[in-house]
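Quick note: the sequence shown uses this note's numbering, first residue 12, plus one each step.
By construction, the Cβ of each residue, glycine as well, lies at the ideal position given by its N, Cα and C atoms.
See structure below.
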Amino acid sequence: MKTGVIVYLVGGQEIPEPYDLKNQCEQAGVKADRVELVGNYQGYFTVEDAWHFLTSRGCGHVSLLVAQWEQQHLQPMRPPVRLCG
């Protein structure tokens with residue numbers, strides 16, 4: 012079963028292009044097959060949209076990671092929360 016992570020970006024900052032969100036999550040201790048972003052100006056607009064995309068791509072286990080972008084890396088605010096799977 013594939014795993015997916017939704018990164019919910021808070022703080023109003025943008026991740027500079029090009030970014031490797033999967034690698035950033037791995038550095039933060041969160042591993043997944045697919046990673047999607049929800050932010051004000053980047054990625055999806057809602058968690059539900061990203062969740063639907065991940066499940067439609069075969070991810071049976073989806074988690075939500077609330078994080079902010081600080082000093083060129085992703086800083087988790089809390090541990091990931093399992094949404095399904």
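Assumed close pair residue i, residue j - CB separation to whole angstroms, cut-off 8 Å
i: residue 73; j: residue 80; result: That belief does not hold up - the Cβ atoms of residue 73 and residue 80 are roughly 22 Å apart, past 8 Å.
i: residue 30; j: residue 58; result: At roughly 19 Å, the Cβ-Cβ gap does not stay under 8 Å, so residue 30 and residue 58 are not in contact.
i: residue 47; j: residue 76; result: About 11 Å; that fails the 8 Å criterion.
i: residue 87; j: residue 39; result: 5 Å
Coarse secondary structure for residue i, derived from DSSP in three states
i: residue 66; result: helix
i: residue 35; result: helix
i: residue 49; result: strand
i: residue 43; result: coil
i: residue 28; result: coil
Spatially closest choice to residue i from the options, by CA coordinates
i: residue 54; options: 94, 27 and 14; result: 27
i: residue 22; options: 85, 93, 66 and 92; result: 85
Residue interval of the beta strand (DSSP E) (run including residue i)
i: residue 86; result: 84 to 87
i: residue 19; result: 13 to 20
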